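Novice:
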Amino acid sequence: MRSCCAAGVMKKKRLVPDTRDVAPLASGALKRAEAIATRKPGAAAIRILVDNETGELESAVILGRFCAVPEDFAEQLQGG
Numbered sequence: 004m005r006s007c008c009a010a011g012v013m014k015k016k017r018l019v020p021d022t023r024d025v026a027p028l029a030s031g032a033l034k035r036a037e038a039i040a041t042r043k044p045g046a047a048a049i050r051i052l053v054d055n056e057t058g059e060l061e062s063a064v065i066l067g068r069f070c071a072v073p074e075d076f077a078e079q080l081q082g083g
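According to our numbering, the sequence shown holds residues 4 to 83 in order.
(1) Looking only at its chain, what residues have a beta carbon closer than 7 Å to the beta carbon of GLU74, apart from the 5 residues adjacent to it on each side?
(2) Below 8 Å CB to CB, which residues in the same chain sit around GLU78 once its five sequence neighbours on both sides are set aside?
(3) Going residue by residue through the stretch 29-72, where are the continuous alpha helix (DSSP H) segments of at least 4 residues, counting only ones entirely within it?
(4) For my contact list, ILE51 and ALA63 are in at a C-beta cut-off of 8 Å; report their separation, rounded to the angstrom.
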């Protein structure tokens, strides 16, 4: 397994990856998402776990939300 953290922004009422800003630590992702939220409508920091062998998504955890992140963001993240 590998773990990374990313920040995204709001576009058309959905949170989508912005520049795929990846951070090796959760604290870095939170700081980056907070900084992005000062320039964009909203941002979130996410920890993603991927299976190294298959490349499949194991899990995605929302670490933090900033500004206009929709309440159903977790469902969107899981593809719902």
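Using N, Cα and C, we set each Cβ at its ideal position, and we do this for glycine too. As the structure is a prediction and not an experimental result, all values here were calculated from the model.
Specialist: By the coordinates alone:
(1) Taking the first residue of the sequence shown as position 1, residue 74 is located at position 71. Answer for GLU74: no residue qualifies.
(2) On the sequence shown, position 75 is the one that residue 78 refers to. Contacts found: none.
(3) 29-40
(4) Reading the sequence shown from its first residue, position 48 is the one you call residue 51. Reading the sequence shown from its first residue, position 60 is the one you call residue 63. About 5 Å separates the two Cβ atoms, so the contact holds.
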